[in-house]
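Quick note: the sequence shown, position 76, residue 76 per our numbering, numbers continuous.
By construction, the Cβ of each residue, glycine as well, lies at the ideal position given by its N, Cα and C atoms.
This report refers to the structure that appears directly beneath it.
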Amino acid sequence: MTKKSGLADSPFFIKPQPQPPTTEANPLLKNPSPPKKKSQIPKKANSDSMVSRHQDTMQPSNHDTTVSRYHDTIIELLRKTVKIIGKEAATHRFTVEEKRAIKKIVFTYEDQGILTSENEITRIAVNYLIEDYKQNGKSSLLERVLKALNT
Numbered sequence: 001m002t003k004k005s006g007l008a009d010s011p012f013f014i015k016p017q018p019q020p021p022t023t024e025a026n027p028l029l030k031n032p033s034p035p036k037k038k039s040q041i042p043k044k045a046n047s048d049s050m051v052s053r054h055q056d057t058m059q060p061s062n063h064d065t066t067v068s069r070y071h072d073t074i075i076e077l078l079r080k081t082v083k084i085i086g087k088e089a090a091t092h093r094f095t096v097e098e099k100r101a102i103k104k105i106v107f108t109y110e111d112q113g114i115l116t117s118e119n120e121i122t123r124i125a126v127n128y129l130i131e132d133y134k135q136n137g138k139s140s141l142l143e144r145v146l147k148a149l150n151t
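In structure tokens form, the structure reads like this:
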């Protein structure tokens, strides 16, 4: 039986155990241990929340894949929708700057050999907002802008 000698035997003063080497230190190891992930902190929905400066956040490993799939899906949906010829007449009031910007976009794409029109660009924008609203509701771009306009 060993005699307790005070603080040196306390669990707070236990000598750390050596860690096994990783492939980062030695790339010749046969069974590499996976890299340690940073702890993930759930974020609150409102913008007033803060992440503690003493903890790291973990980026999702499938972030690029998720965004890519979403963009591929939305692009295909918009392509199919805009391919359908719109027959309903509508008049929209644009500012001179908006009209110029749309014309500039049309000419830029025409210079690249991609034919488009003001109508097509406007329909892409409208259908994007509609789809974003369907999928995201209160967190959609449309919802956030409308709330900002009405405050």
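Terminal residues of the alpha helix (DSSP H) in which residue i lies
i, result
"T108", "V96 to D111"
"N136", "E118 to N136"
"L115", "Where L115 is concerned, there is no enclosing alpha helix (DSSP H), given that its DSSP letter is neither H nor E."
"K147", "L141 to L149"
Proximity winner among the options, relative to residue i (alpha-carbon distances)
i, options, result
"K99", "I114, Y70 and E118", "E118"
"R79", "R144, V145, E120 and T95", "E120"
"T81", "I124, A101 and V145", "I124"
Through-space distance from residue j to residue i, alpha-carbon basis
i, j, result
"L115", "N136", "31 Å"
"D132", "K138", "10 Å"
"T122", "R93", "12 Å"
"L149", "L142", "11 Å"
"D111", "T151", "42 Å"
"V96", "G113", "26 Å"
"K147", "S140", "11 Å"
"A101", "R69", "29 Å"
"K134", "T91", "24 Å"
Margin query: Whether or not the stretch 67-81 and the stretch 119-137 are in contact is what I'm after, with contact meaning three or more pairs of Cβ atoms, one per stretch, closer than 8 Å; do they touch?
Written below: yes
Next item on the list: Determine contact between the stretch 77-93 and the stretch 103-114, defined as no fewer than three beta-carbon pairs at a distance below 8 Å.
Entry: Flag = no, the stretch 77-93 and the stretch 103-114 do not touch.
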